[in-house]
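Structure first, then comments.
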Amino acid sequence: MNASLTDVFEAPHRATIEAFRRFVTEELEPLWYECGERTAEHVPQDIKRHVRRRSSELGFYGGEFAAHLGGRDLPLTAVAALRHAAGSSGCPLALFTLPGPEGPTPLLAHGTEEQQQRYLAPLVRAEKTRSLGLTEPGAGSDTFRLATRARRVGGDWVLNGHKIYLSNLDVVDILLVFASTTERGGPDGSAVFIVETDNSGLVVKQSFRAMYGEPLYEVLLDDVRLPCDAVLGGPEQAHLAVGHGMLTLPRGRVLTSADCNGLAEYALRLGIEHARTRRAFGRAIGTFQHVQEHLVASSTELQASKLLTLACTHQFDQQGEMLPESAAKAKITATGTLSRTVDRALQTLGGRAYMQGHPLEFLYRYARMMPIVGGTTEIQKVIAAHALGLGSSPAPAPASGPGDAESTSQLLQEATG
Ligand SMILES: Cc1cc2nc3c(=O)[nH]c(=O)nc-3n(C[C@H](O)[C@H](O)[C@H](O)COP(=O)(O)OP(=O)(O)OC[C@H]3O[C@@H](n4cnc5c(N)ncnc54)[C@H](O)[C@@H]3O)c2cc1C
């Protein structure tokens, strides 16, 4: 009998998963020790770049993209299993082995052939990085209230607007900007623009430090002038790019779920190891039922979450699509499981895990972003409720297209890659 229920899904990808684990243990763990006394939130950019490039050479980073773009056409289940393995390894450098908000995005696969070769292929090969400019001070979950506007001026586009919470902006080569191209906005009246970050119209207004340590940026787009072919999909197809991109977004949501499940497995392992060895009142603390409750509850939730995530990816691999509400439920489940598992593990370790620099202290802060990015938990619930025939779209944008609630939250997936 299989040791684990998830083997049903993972077995066909065992060799890829094992090769990835060897990469982490044989190359990344020694590199991490060479880095000296660092915490996960202070990994230098050159080390992150090296990890991405090496992972790309080995076919992991960007492995899900097509071979002509430098990928390996990996099935989604294999990608989810790799993301899980990265999180569960506990090696901080493993967090950079697979594309994050700086990496290749399926959104760019809706670009013209030339855009794909010029922008997507170097992202897949980890030679370039990108950020995404979707969120605005007045448009978060309610994305299609975009105030950023793109206008045709002569043969060019000129963008004006205001974006906030952009990841990695200080180190990336391109920024994908969502802007409305018409007064009414909405999915059909918006487009995605590829902006090189040395464009003089891009002005950093301020930066924030996210709870997990990385900076996020607020930028003004002040007459950002772009050639007409800087619009994703090209001038003729520009109005379709946002809609096409949205169709791919449940896929991103389940990959976030896989990240969460992997990190939860690591946190659980720390809790179990400690419960077996730490003694109090003459016994290992793991013999106390209150401590067992923390670990058994986490283990149960994690198994359910992992199965749900992999069932979604398996369905996608078999049928080429997955139900948006399934992906939403996977994200609700995985992000909640991660938060609760880290919290319980921290409680199991007591004071030592509350100290700055402890892996669980970092994870506690890192995990907190997951129910916000990629479409908040509440927005995932809106999608799930909608599928049950309950509830209506949240405050639709004026005269926008169908399915605002779902469209909005799907787009948000892109905000974090
Ligand atoms: C670490 C991090 C990195 C990020 N990186 C990027 C990036 O690279 N690029 C980018 O563009 N953005 C980025 N973001 C922004 C992120 O996508 C937004 O924070 C997110 O979409 C939520 O928007 P908001 O913060 O404006 O919250 P709001 O939309 O204002 O929501 C506030 C609260 O109201 C709830 N709410 C809103 N609408 C509904 C509804 N209809 N029903 C029920 N509840 C609702 C929300 O769930 C939330 O709890 C990042 C954010 C973080 C935290």
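Heads up: the sequence shown begins at 393 in the numbering used here, then just goes up one per residue. Glycine included, C-beta positions come from ideal geometry on N, C-alpha and C. Computed from a predicted structure; not experimentally measured.
Let's see if you can read the secondary structure: which residues bound the alpha helix (DSSP H) around residue i?
i: residue 419; result: No alpha helix (DSSP H) holds residue 419; DSSP gives it neither H nor E.
i: residue 440; result: 437 to 449
i: residue 738; result: 716 to 741
i: residue 707; result: 681 to 711
i: residue 492; result: Counting along the chain, residue 492 falls outside any alpha helix (DSSP H), and DSSP gives it neither H nor E.
i: residue 511; result: Premise fails: residue 511 is in no alpha helix (DSSP H) and is neither H nor E.
i: residue 653; result: 641 to 669
Let me check understanding here. Comparing Cα to Cα, which of the options lies closest to residue i?
i: residue 622; options: 505, 477, 578; result: 505
i: residue 405; options: 579, 512, 477; result: 477
i: residue 540; options: 532, 555, 754, 534; result: 555
i: residue 560; options: 441, 466, 633; result: 441
i: residue 727; options: 695, 762, 715, 609; result: 762
i: residue 407; options: 677, 466, 421, 428; result: 466
i: residue 568; options: 617, 453, 499; result: 499
i: residue 611; options: 593, 707, 535, 473; result: 593
i: residue 566; options: 779, 608, 515, 646; result: 515
i: residue 756; options: 658, 642, 509, 779; result: 658
i: residue 551; options: 750, 584, 474, 522; result: 584
i: residue 382; options: 672, 740, 707, 507; result: The first residue shown for the chain is 393 and the last is 809, placing residue 382 beyond what the model contains.
i: residue 655; options: 735, 512, 520; result: 735
Quick one: what does DSSP say residue i is sitting in, helix, strand or coil?
i: residue 748; result: coil
i: residue 786; result: In this predicted model, residue 786 has a pLDDT of only 46, less than 50, meaning its place in the structure is not dependable; the value taken from the coordinates is given anyway. Looking at residue 786 - three-state DSSP - the assignment turns out to be coil, as it is neither helix nor strand.
i: residue 612; result: strand
i: residue 343; result: The structure shown does not extend to residue 343, since the chain spans only 393 to 809, so no value can be given for it.
i: residue 467; result: coil
i: residue 411; result: helix
i: residue 556; result: strand
i: residue 539; result: coil
i: residue 773; result: helix
i: residue 809; result: Residue placement at residue 809 cannot be trusted, given a pLDDT of 40 that sits under 50; the coordinates are not used to answer.
i: residue 454; result: coil
i: residue 754; result: helix
i: residue 875; result: The requested residue 875 is not part of the displayed model; the chain covers only 393 to 809.
i: residue 406; result: helix
i: residue 628; result: helix
i: residue 485; result: helix
What does DSSP give as the partner residue(s) for residue i in the beta ladder?
i: residue 585; result: 569, 623
i: residue 607; result: 601
i: residue 550; result: 543, 617
i: residue 472; result: Partner(s): none; residue 472 has no beta bridge.
i: residue 596; result: 611
i: residue 676; result: 671
i: residue 531; result: 528
Inset, instruction - Could you say if the region 626 to 639 and the region 698 to 705 meet the contact criterion of at least three C-beta pairs nearer than 8 Å? - result: no
Inset, instruction - State whether the region 478 to 488 contacts the region 653 to 665, with contact taken as three or more CB pairs (one from each stretch) at a distance under 8 Å. - result: yes
Inset, instruction - Mind the definition here: the region 630 to 642 touches the region 453 to 460 only if three or more C-beta pairs lie below 8 Å; say whether that holds. - result: no
Legend entry - Cβ contact (3+ pairs, closer than 8 Å) linking the region 599 to 609 and the region 422 to 434: yes
Inset, instruction - Determine, using beta-carbon pairs with one atom in the region 735 to 748 and one in the region 664 to 678, whether at least three such pairs fall under 8 Å. - result: yes
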